[in-house]
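*Asks:*
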Amino acid sequence: MNQRKSDKANLEKARQVFLSIGFLLIAGITFAAFSYKTYNKNAYDFIVDIDEELTEIPQIVQPPEMPVYNPPPPPPPTDPVIEIVEDEV
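Here the working numbering runs 2 ahead of the position in the sequence shown, where the first position is 1.
Right, here's the structure in full:
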């Protein structure tokens, strides 16, 4: 088969470079898409009024004291009973 293009116009030599640039571009776009964050504007739309004075101080209420639960003592140790059984065939 006759070669119709010159060696200068042949892009097969730069194929790996173009492929690498494409992979880097796609990886960068994917990374940017996963890193992109959006926030709900209504969730942070509140005004804090620091100059508001507290007219009445709420009373501190102590929690009621709970009775202390003591678990029952463990049963006293007993000697194991050993029964001797004869082998009968």
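All C-beta atoms in this analysis are idealised placements derived from N, C-alpha and C, irrespective of residue type, glycine included.
1. Could you give the DSSP three-state label for alanine 29: helix, strand or coil?
2. Excluding five sequence neighbours on each side, which residues of the same chain lie with their C-beta closer than 7 Å to the C-beta of serine 37?
3. With DSSP run on the structure shown, which of helix, strand or coil describes glutamate 14?
4. Quick check on DSSP: helix, strand or coil for serine 8?
5. Would DSSP call valine 19 helix, strand or coil?
*Replies:* So, from the listed chains and residues:
1. Alanine 29: helix per DSSP, three-state reduction.
2. Excluding residues within five positions, none has a Cβ falling inside 7 Å.
3. Three-state DSSP puts glutamate 14 in a helix.
4. If DSSP states are grouped into helix, strand and coil, serine 8 belongs with coil.
5. Three-state result, valine 19: helix.
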